[in-house]
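Step one of this worksheet: look at the structure below.
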Amino acid sequence: KLALRTEGLHKTYQRGRIKTQALRGVSLAIPRGTFCCIVGPSGHGKSTLMHLLGALDRPTSGQVFVEDQEIGKLSSSELAALRARRIGFVFQFFNLLPTLSAQENVTAAMMFSDKNKNNRAQRARELLDLVGLSDKYKAPPNELSGGQQQRVAIARALANDPDILLMDEPTGNLDSEAEAEVMATIDQLHQQGKTIVIVTHNNEIAARAQQVIRVKDGRLVEF
Ligand code: ADP
Ligand code: ADP
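For the sequence shown, our numbering assigns the number -15 to the initial residue and increments by one for each residue that follows.
Listed below in structure tokens is the structure:
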């Protein structure tokens, strides 16, 4: 069973008369439960690929399948539901809401949940426990270290219990201690069966991956 698959993905950005071919025919398959890294030089299409895998953007041509479902065939509301329920996103900059506590940042992501308010709060605390932040429920982002903020962002990505986690440079803005905390959390989620896809420049992270996808000039490099 595949978590993610693409067939002949092309993405061309157009700004005025300038066209950028960010992806030029990418076909890949990521089995369920895989720890996968996407690597390659800056500006070669990694973030674009990640955005297409997560249905944050549509390809110029080609197909993306999430759990065998071709997402190009979904309406925009079906797409929004898929993004919210099946896929969790984590970015380099944590994008937490500064006026909300850690717990509130997590519950804010439960817009598709049928849980009531108390159950949402309970679920948020469980997720913060899972990422090792049991003593930080009430803390706003500015009282947390970078590694702690990123772990809140991971808890938020898990709010609707997605099977797939897409992460764009999740440790790119962290020191090595914080990176180790975040990677330990990611390893634990992988052991629980999540499919993990990480864009990274970090060779140590890529060395731990079960599958490494190398992108160069908008194409995959075989090796
Ligand atoms: P990477 O993640 O490997 O650094 P990106 O996927 O961000 O690469 O970018 C690939 C190419 O597409 C680059 O030339 C970048 O400038 C261009 N690009 C990315 N996003 C956009 C956009 N929204 N509009 C125009 N060009 C873009
Ligand atoms: P990084 O390489 O650190 O992931 P990116 O180059 O991907 O950073 O830039 C982050 C985001 O900015 C991209 O996902 C894309 O949407 C946007 N972006 C990148 N390049 C361009 C560009 N040339 N024009 C407009 N938006 C861009």
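We put the CB at the ideal spot given by N, CA and C, even for glycine.
Straight-line gap, residue i to residue j (C-alpha atoms, nearest Å)
{"i": "Ile55", "j": "Phe49", "result": "6 Å"}
{"i": "Ala164", "j": "Val196", "result": "20 Å"}
{"i": "Gln87", "j": "Leu150", "result": "21 Å"}
{"i": "Gly202", "j": "Gly(-8)", "result": "11 Å"}
{"i": "Leu240", "j": "His28", "result": "Outside the displayed range of the chain (-15 to 207) lies residue 240, so it cannot be described from this structure."}
{"i": "Gly46", "j": "Asp52", "result": "15 Å"}
{"i": "Ser60", "j": "Val166", "result": "32 Å"}
{"i": "Pro15", "j": "Ile148", "result": "11 Å"}
{"i": "Thr32", "j": "Lys200", "result": "12 Å"}
{"i": "Leu117", "j": "Ile189", "result": "23 Å"}
{"i": "Ile71", "j": "Arg192", "result": "22 Å"}
{"i": "Leu(-12)", "j": "Ala137", "result": "22 Å"}
Minimum C-alpha distance to residue i - residue among the options
{"i": "Thr184", "options": "Pro25, Pro15 and Glu51", "result": "Pro25"}
{"i": "Phe78", "options": "Gln134, Arg198, Gly38 and Ala190", "result": "Gln134"}
{"i": "Gln(-2)", "options": "Arg16, Leu12, Pro43 and Cys21", "result": "Pro43"}
{"i": "Ala105", "options": "Gln5, Asn126 and Asn144", "result": "Asn144"}
{"i": "Arg90", "options": "Met151, Ser11, Leu33 and Leu142", "result": "Residue identity differs from the one stated: residue 90 is Val in this sequence, not Arg. Of the listed residues, the one whose Cα sits closest to Val90 is Leu142."}
{"i": "Leu80", "options": "Pro125, Leu114 and Gly46", "result": "Pro125"}
{"i": "Ala139", "options": "Val74, Lys200 and Asp152", "result": "Val74"}
{"i": "Leu12", "options": "Thr4, Phe96 and Cys21", "result": "Cys21"}
{"i": "Glu206", "options": "His(-6), Val23, Glu161 and Lys3", "result": "Val23"}
{"i": "Asn186", "options": "Glu153, Ala168 and Leu(-12)", "result": "Glu153"}
{"i": "Gln76", "options": "Asp98, Met34, Asn103 and Val10", "result": "Met34"}
{"i": "Glu127", "options": "Pro82, Lys30 and Phe19", "result": "Pro82"}
First through last residue of the alpha helix (DSSP H) which encompasses residue i
{"i": "Glu188", "result": "Asn187 to Arg192"}
{"i": "Arg107", "result": "Lys101 to Leu114"}
{"i": "Ile170", "result": "Ser160 to Gln175"}
{"i": "Ser45", "result": "Careful: Ser45 lies outside any alpha helix (DSSP H), inside the beta strand (DSSP E) at Ser45 to Val50."}
{"i": "Arg67", "result": "Ser60 to Arg70"}
{"i": "Arg16", "result": "Note, Arg16: premise wrong, no alpha helix (DSSP H); not H, not E."}
Residue i (DSSP reduced to helix, strand or coil)
{"i": "Gln(-2)", "result": "strand"}
{"i": "Gln76", "result": "coil"}
{"i": "Pro125", "result": "helix"}
{"i": "Gly(-8)", "result": "strand"}
{"i": "Arg140", "result": "helix"}
{"i": "Ala86", "result": "helix"}
{"i": "Thr91", "result": "helix"}
{"i": "Lys3", "result": "strand"}
{"i": "Gly9", "result": "strand"}
Residue i, enclosing beta strand (DSSP E) - first and last residue
{"i": "Arg198", "result": "Gln195 to Lys200"}
{"i": "Leu149", "result": "Ile148 to Asp152"}
{"i": "Leu204", "result": "Arg203 to Val205"}
{"i": "Thr32", "result": "Thr32 -> not in any beta strand (DSSP E); alpha helix (DSSP H) instead, spanning Lys30 to Leu37."}
{"i": "Ile180", "result": "Thr179 to Val183"}
Three or more C-beta pairs below 8 Å linking the segment 117 to 128 and the segment 149 to 161: no
I want to know whether the segment 22 to 42 touches the segment 54 to 71 - three or more CB-CB distances under 8 Å. yes
Who sits around ligand 4, taking every residue whose Cβ is closer than 5 Å to one of its heavy atoms? The ligand content of the structure shown is limited to ligand 1 and ligand 2, which means ligand 4 is not among them.
Give a yes or no on contact between the segment 176 to 191 and the segment 94 to 108, applying the rule of three or more CB pairs nearer than 8 Å. no
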